[in-house]
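Reading the sequence shown from the start, the letters are residues 1 to 543 in the UniProt record's numbering.
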Amino acid sequence: MFDDRSTPHQKPEKVTEIREKIKSFLAAQGMIKGHSGAGQRGTEQEMLLLAPGDHSDGYSSTASSTSRTPDMTLSDEDHCMDPSSTFEQNWLLIQASDSRERNESFHPEPQYPPYDPSLLAFNNFFAMPNYFQDHNQTCDPIHVSRFLSQRALMDFTENMLHNYRKDVISVQYMFADDALRDMIYAAASSHGKSRTAAILLASVHYQRYQYPNRRALQTQETRNDLDSLWSQVDRQHLTSGDAMAALHVVSSYLFDGGNGAWEQWLQVSCNYVLELVRKNGGPSRALFVCDAKDAFIIKTSIWFDVLASVTTQKKPLLLHVIEEMFGPRRIIEVLVHNDDRTSMISPMGCHNEVVWALAKTSELSWWKEEETKAGRLSIPALVDRARSIEAYLDLAPEACIPGPIQDSRALASDIFRSSARLYLWSVVSGDYLDVPEITTSVEKTIECMKRLSTDPANQQSVVRNTVFGFFICGAFAQESRHRDVIKTFLTPESRCRSTGNCGSVHDILEDLWAKRDGQWQRHAEPETVGWRNRLLTDSLLLV
């Protein structure tokens with residue numbers, strides 16, 4: 001790359017000129033000792049920085065000539081978590097226009113540049129002032145260009161993986177302990193597709209904090225990355241790496257507001273689980289014989305699948321796995337043995353019987369719709385099936401060892417348990433506000449939410465993990481005191497629109513409340529709560 005021998009194809013004058021350009025660029029940036037960075041960038045310097053044009057990561061490095069750096073400071077009033085990571089430096093903007101064009105152009109609103117993560121890596125590379133300083137070796141420009149491209153890609157990958165471990169995993173799985181987070185990171189580091197998906201997730205996380213009102217997954221660069229990753233997944237011969245990658249992509253959609261094409265990625269991880277339980281002697285044995293990574297994939301896929309069924313209004317893809325793994329007979333066995341490997345409380349914050357009840361309620365909703373279409377719906381049969389589900393929601397949950405994470409998980413599971421009853425009776429009686437079982441369930445769910453006031457340290461993690469409960473309870477909340485409780489805890493998270501789906505949930509609830517209040521003011525006939533159609537239309541995942 002750099003050789004003491006002279007290069008026959010390069011004249012000494014040309015080599016000296018190239019070296020001086022490199023040093024001039026570094027001096028202009030204040031990256032060489034004794035030099036000031038106040039000088040204005042010249043066109044040649046900008047071209048030097050952009051020299052590696054054959055970026056293997058496929059990102060564009062264009063920027064508006066009128067772009068200016070927006071204010072990236074996160075206010076405490078926004079209740080946002082400011083990620084302390086290697087990316088807290090300002091986003092590197094490269095403007096290819098001359099000073100005259102800059103001075104003549106003015107935009108009162110910030111002009112956001114296209115997202116180009118490769119620039120972060122170039123910025124890190126050029127931040128090493130001693131690399132080219134006093135370098136007397138001959139520099140082949142082609143080799144320099146290739147080296148910069150490769151180095152940029154490596155720096156970008158390492159920085160994003162570091163950011164994923166340091167800042168993202170704790171937000172992705174808030175109820176996970178350190179051992180589980182270490183396992184997730186190790187899996188991301190050791191598998192190509194899983195690593196690529198983890199980097200994508202870290203990229204979405206970073207973009208959302210920089211530009212909270214802009215959807216990261218709607219940029220052309222990110223869509224290209226998703227398409228590329230999708231083409232690499234061999235859906236006929238799935239591996240654990242494919243499944244982990246798929247779960248990371250689902251998390252990316254959740255970080256980006258919860259809407260979008262997450263369903264096809266969830267199908268990948270669910271298909272892997274189906275094959276996994278087949279190879280391991282069935283669902284009842286799978287969690288006992290699988291390694292930690294596969295057990296995590298099983299639990300997480302089940303959890304995403306169950307809550308996705310609320311949105312899709314279909315039976316869960318893994319329903320028969322859930323029935324055998326967490327059904328009434330298995331629930332009793334888990335309560336007796338208290339084996340953490342088989343418990344969904346870790347890391348999902350929901351007891352097994354509640355997971356089973358949610359899955360069976362989604363199945364009941366699908367069954368009711370099919371029977372209604374066929375003109376053979378039996379109300380007694382509907383009620384009987386609902387009663388059998390409710391009976392297992394009344395089981396006493398297994399005791400948790402006291403501790404911050406365990407206490408948060410227990411409170412989250414109580415919110416899930418009470419909101420699962422609300423979901424169940426909305427299926428049986430229809431989405432009518434004044435049904436006694438529905439109003440009672442709303443009241444009980446609100447009482448669980450009020451307990452968040454006594455645990456402010458863990459409030460955020462519980463709220464973000466129980467958006468399903470907040471959504472369905474809010475959809476049926478009539479009284480202002482109930483709505484106030486929901487807004488007390490949900491609004492701060494919705495204001496922080498950087499990551500997560502709390503903002504999307506908040507917006508839908510506000511729309512439902514405004515529509516309902518308008519009907520009351522007009523003394524119109526009561527209508528059913530239109531939460532199902534809105535969820536389906538928005539394709540909002542309530543995880």
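Positions of the beta carbon are idealized from the N, C-alpha and C atoms, including for glycine.
* Same chain only: Cβ atoms within 7 Å of Glu371, ignoring 5 sequence neighbours per side -> Leu377
- Following the continuous alpha helix (DSSP H) through Phe304, name the residue where it begins and the one where it ends. 292–312
I need the boundaries of the alpha helix (DSSP H) containing Cys496, first residue and last residue. Here Cys496 belongs to no alpha helix (DSSP H), and DSSP marks it neither H nor E.
Review point. How many Å lie between Ala295 and Phe416 at the Cα?
Key: 22 Å
Asp225 - DSSP class collapsed to helix/strand/coil = helix
- Task: Run the CB neighbour count on Tyr432, radius 10 Å, all protein chains shown included, and call it buried at 16 or more, exposed below.
- Result: exposed
- Query: Does the Cβ-Cβ distance between Gly349 and Ser269 come in under 8 Å?
  - Reply: no
Inset, instruction - Would you kindly work out how many angstroms separate the C-alpha atoms of Asp3 and Phe288, rounded to a whole number? - result: Per-residue confidence for Asp3 stands at a pLDDT of 44, beneath the threshold of 50, marking its modelled position as unreliable; the derived number appears in the next sentence. The alpha-carbon atoms of Asp3 and Phe288 are separated by roughly 58 Å.
Quick one: complete alpha helix (DSSP H) runs, 4+ long, within the stretch 173–236?
178–190, 192–210, 220–232
Could you pull out every unbroken alpha helix (DSSP H) segment of at least 4 residues lying fully inside the stretch 343–381, listed in chain order? 345–348, 352–374
Can you tell me the Cα-Cα spacing of Ser170 and Asp340, whole angstroms?
-> 20 Å
task = Whole angstroms is fine: what's the gap from Ile438's alpha carbon to Val321's?
result = 29 Å
Checklist line | alpha helix (DSSP H) segment containing Val505, residue limits | finding: 502–521
ask   = Pick from Gly257, Cys448, Lys487, Arg235: whose alpha carbon is nearest that of Arg215?
value = Gly257
Exercise for review: Decide yes or no for the touch test of the stretch 487–500 against the stretch 453–473: beta carbon pairs closer than 8 Å, at least 3 of them.
Suggested key: yes
Start-to-end residues for the alpha helix (DSSP H) that takes in Leu266: 263–279
query: Residue range of the alpha helix (DSSP H) that Glu479 falls in?
result: That residue, Glu479, is in no alpha helix (DSSP H); it is neither H nor E in DSSP.
Beta-carbon separation of Ile405 and Thr361 under 8 Å?
-> no
Alpha-carbon to alpha-carbon, Glu363 and Gly375
18 Å
Handout entry: Coarse secondary structure for residue 599, derived from DSSP in three states
Key = Only positions 1 to 543 of the chain appear in the structure, and residue 599 is not among them; the question remains open.
Run of the alpha helix (DSSP H) containing Ala286, from where it starts to where it stops | 283–289
**Message:** Give me, in chain order, the residues of the same chain whose beta-carbon lies closer than 7 Å to that of Gly430; leave out the 5 immediate sequence neighbours on both sides.
**Reply:** Thr528
| Under 8 Å between C-beta atoms of Leu319 and Ser252 | no
Selection from Val204, Leu180, Phe255 that minimises the alpha carbon distance to Asn465:
Phe255
Just to check my reading of the structure: Ser203 and Met160 have Cβ atoms closer than 8 Å, yes? What is that Cβ distance to the nearest angstrom?
6 Å
Could you say which of Ser190, Glu323, Gln519 lies nearest to Val354 if we only look at CA atoms? Glu323
Does the stretch 417–425 touch the stretch 439–446, meaning 3 or more C-beta pairs lie closer than 8 Å?
yes
query = Under the rule that 16 or more other beta-carbon atoms within 10 Å means buried, what is Gly53, buried or exposed?
reply = Per-residue confidence for Gly53 stands at a pLDDT of 36, beneath the threshold of 50, marking its modelled position as unreliable; the derived number appears in the next sentence. Exposed: under 16 other Cβ atoms inside 10 Å.
Distance between Lys515 and His237 (C-alpha atoms, nearest Å): 48 Å
- Helix or strand or just coil, what does DSSP make of Lys166? helix
Exercise. What do you reckon, are the CB atoms on Pro328 and Ala359 nearer than 8 Å?
Worked result: no
Do Ala198 and Ala186 have their beta-carbon atoms positioned less than 8 Å apart in this structure? no
Review point. On the three-state DSSP scale, how would you describe Pro316?
Key: coil
* For Leu382 versus Val428, is the C-beta distance shorter than 8 Å? -> yes
Residue range of the alpha helix (DSSP H) that includes Val442: 436–450
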